[in-house]
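Under numbering that gives the first Met the number 0, the residues of the sequence shown are numbered 0 to 252, in order. Where is the CB? At the ideal position from N, CA and C, for every residue including glycine. Just so we're clear, the structure is a prediction, and the values are computed from it rather than from any experiment. Comments concern the structure below.
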Amino acid sequence: MSENQEVTVETSNAGMEACCVVQCDLELGENYWNNQYEAGKTGWDLGMASPALVKYVDSLPNKDARILIPGCGNAYEAQYLLDKGFTNITLIDIAPLLVEQLQAKYVGNPNIQVVLGDFFEFEGQFDVIIEQTFFCAIQPYMRSEYVKQMRKLLSPEGELAGLLFDTRFDFDGPPFGGCKCEYKPIFDEGGLRVDEMEITPDSAKPRAGTELFFRAGVKKSTDACVVDAACGIKQYANIAEKLQWNNENQDKK
Ligand SMILES: C[S@@+](CC[C@H](N)C(=O)[O-])C[C@H]1O[C@@H](n2cnc3c(N)ncnc32)[C@H](O)[C@@H]1O
């Protein structure tokens, strides 16, 4: 198959069209994503801020919180944050065409900066990081790196929150789906404490019933929570208890 040959994939999955215009085994880097924007193949774009994230933003008390949206795309959530008076918003995306447009849109606005770059190489400290169809856009083998990088970018009391697909797609991604039983151990092992990860009733209509809303923070040495065999979060009183659980459940992991 030639590099520019179009891949047609029939799907009715969760309001997410397959978004490949080029072969999906290509590296999912700058060129891939820029081509998607150039071709107008943005099946992931809701055209509005997700209601679940609007609800989350409405719950944030500190308008000066340092907020990051990685893989921001058309950044409807960022616009909502601005409209609500948030003053310290950073967007990062790897697609130059998209970033040029966003930089032009927000030129001169001191409350938002738009960075062209690779999330995995980005540096900074943030109080809130918002996830919206970025996790599902990276190769599944990069998920551990994603969590480690999120952990680095979060301030000690910071929070990563957003939406993850709780569904599988019947085509090669992106998007790449999954379920919370896959996600929770990756977060746990990467040093993030999952405080919430449940199907949300607040998805945009085409994704209803297929999204998990989650919140996660940086694990502290005193946090002794582990993901149990039934995929729940088990909280332990101390590290010794957790180590004992680990030893007893080694084979079940
Ligand atoms: C599926 S789109 C989602 C866009 C947006 N979050 C939304 O929901 O509409 C994935 C986005 O992540 C960006 N992206 C992919 N890999 C990236 C990386 N390593 N660093 C920064 N952005 C990346 C793409 O350019 C694209 O805009």
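Exercise for the section: Could you check what DSSP says for Glu29 in three-state terms: helix, strand or coil? Expected result: In the three-state reduction of the DSSP assignment, Glu29 falls in the helix class.
Exercise for the section: Inspect the CB distances between the segment 38-48 and the segment 113-125 and report whether three or more fall short of 8 Å. Expected result: The segment 38-48 makes no contact with the segment 113-125; the number of CB pairs closer than 8 Å stays below 3.
Practice task
Whole angstroms is fine: what's the gap from Val20's alpha carbon to Lys219's?
Solution key: Note that Val20 scores 37 on pLDDT, short of 50, meaning its location in the model is unreliable; the coordinates nonetheless yield the value given after this. So the two alpha carbons sit approximately 43 Å from each other.
Exercise for the section: In angstroms with no decimal places, state the Cα-to-Cα distance between Phe118 and Phe168. Expected result: So the two alpha carbons sit approximately 24 Å from each other.
Handout entry: Within-9 Å CB hit, Pro184 to chain B
Key = The chain labelled as chain B is not found in the depicted structure, where only one protein chain is given.
Handout entry: Minimum C-alpha distance to Ile128 - residue among Val217, Ala136, Leu159
Key = Nearest C-alpha to Ile128: Leu159.
Problem - Beta-carbon separation (whole angstroms), Thr255 vs Lys104, contact threshold 8 Å - result: Residue coverage of the chain in this structure runs from 0 to 252, which leaves residue 255 outside it and unanswerable.
Practice task
Less than 8 Å between the CB atoms is what I'm expecting for Leu163 and Tyr182, so what's the real figure, rounded?
Solution key: With 8 Å as the limit, Leu163 and Tyr182 qualify as a contact, their Cβ atoms being about 6 Å apart.
Problem - Residue closest to Arg142, alpha-carbon to alpha-carbon, out of Glu156, Glu188, Pro155 - result: Out of Glu156, Glu188, Pro155, Glu188 has the C-alpha closest to the C-alpha of Arg142.
Handout entry: Closest Cα partner of Ala74 within the set Val53, Phe125, Gly28
Key = If we check each option's Cα against that of Ala74, Val53 comes out closest.
Handout entry: CA-to-CA distance, Gln131 to Cys18, given in whole angstroms
Key = In this prediction, Cys18 scores a pLDDT of 39, lower than 50, which makes its location untrustworthy; the coordinate-derived value is nonetheless stated afterwards. A direct Cα-to-Cα measurement between Cys18 and Gln131 gives close to 16 Å.
Practice task
Could you tell me the boundaries of the alpha helix (DSSP H) in which Glu181 lies?
Solution key: Its alpha helix (DSSP H) spans residues 179-188.
Practice task
Give the straight-line distance between the Cα atoms of Leu153 and Lys40, rounded to the nearest whole angstrom.
Solution key: For Leu153 and Lys40, the distance between alpha carbons rounds to 32 Å.
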